[in-house]
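The structure appears below as structure tokens.
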Amino acid sequence: MRLIITNDYDEMSKTAAEIIKEQVNRKANSVLGLATGSTPLGTYRELIKMYKNGEVDFSYVITFNLDEYVGLPDDHPQSYHYFMYENLFNHINIKKENIHIPKGISDDFDRDCRLYDEEIEKFGEIDLQLLGLGVNGHIGFNEPDDYINTKTHIVDLAEETINANKRFFKSIDEVPRKAVTMGLGTIMKSKKILLLASGKNKAKAIKETLNGYLTTDVPSTVLSLHPDATIIIDKDAASLI
Ligand code: GLP
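So the sequence shown is numbered by our numbering: it starts at 3 and just counts up by one.
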């Protein structure tokens, strides 16, 4: 794994946006795997700026998001669907038909999870997967568990995740208890992975990610097996390494 330690959140975001811009400029129809949460917000802001300055064109780009809360409709302000349109898609020239986000509402999640994987497979694999990091080392919503789930699936959110994400909801009771997430197999098949983390609250998860061992207790440790994974963090997230 390649490690880049930046001075602060802004520098982390600019570094990540540059790498994504280069990817899209090298291959106009790149398949990007995208993440939600506070961490990639700065990266998305930079990409919007680059698009407005004419430095990057998203008209052929295809995207697959990592995850979505079960039970939230697309127009719910805390859904990841809503987040992606608000913070990126509404501000760039991506085509709606090229955007893929798992559905939070379904009458058959097994079928929809299978179709999501099949849709990704149609494009071969993801060219560049952007990842945030949960305080417990989750990536997407792949929570610590006894085993690794390789495909898109439904998960029970960990207590730590519910606590960390309650800041976006009126009360903890409103935080969904389940989510649909891309599996670690699909994430690991991506040609290139960029993991971002910022802030002291991610320092422990970063230390464990870089420890050099693999454990399902810290799902991000699987990245050590990837041939082209880059971790971009700020000084605070690097404070325990
Ligand atoms: C969320 C998302 C992850 C995200 C992580 C960190 O629960 N499912 O994809 O990377 O938690 O979130 P944040 O960037 O807000 O710290």
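Using N, Cα and C, we set each Cβ at its ideal position, and we do this for glycine too.
- For the set Ile243, Thr223, Pro104, Val33, the Cα lying nearest the Cα of Gly136 is the one of Thr223.
- A heavy atom of ligand 1 is found nearer than 6 Å to the CB of Thr41.
- Under the three-pair Cβ rule at 8 Å, the stretch 94–110 does not count as touching the stretch 155–174.
- Sorting Lys206, Ser40, Ile128 by C-alpha distance to the C-alpha of Met86 places Ser40 at the top.
- Nearest to Thr188 by C-alpha distance, out of Ile128, Ser15, Leu5, is Ile128.
- In the three-state scheme derived from DSSP, where H, G and I count as helix and E and B as strand, Ile94 is classed as coil.
- A contact between stretches requires three or more CB pairs, one per stretch, nearer than 8 Å, and the stretch 116–132 meets this requirement with the stretch 21–39.
- Apart from the 5 residues on each side of it in sequence, Asn100 sits with its Cβ closer than 7 Å to the Cβ of Val63, Ile64, Thr65 in its chain, given in chain order.
- Here Glu88 is exposed, its C-beta having fewer than 16 other C-beta atoms within 10 Å.
- Across the set His140, Ala30, Leu49, the C-alpha of Leu49 shows the shortest separation from the C-alpha of Ala18.
- When C-alpha distances from Leu186 are compared across Asn55, Asp69, Ser15, Met52, the shortest belongs to Asp69.
- Each residue's CA atom was taken as its position, placing Met52 and Ala231 some 24 Å apart.
- Counting along the chain, the unbroken alpha helix (DSSP H) around Tyr11 starts and ends at 11–28.
- Judged by DSSP in its simplified three-state form, Phe66 adopts strand.
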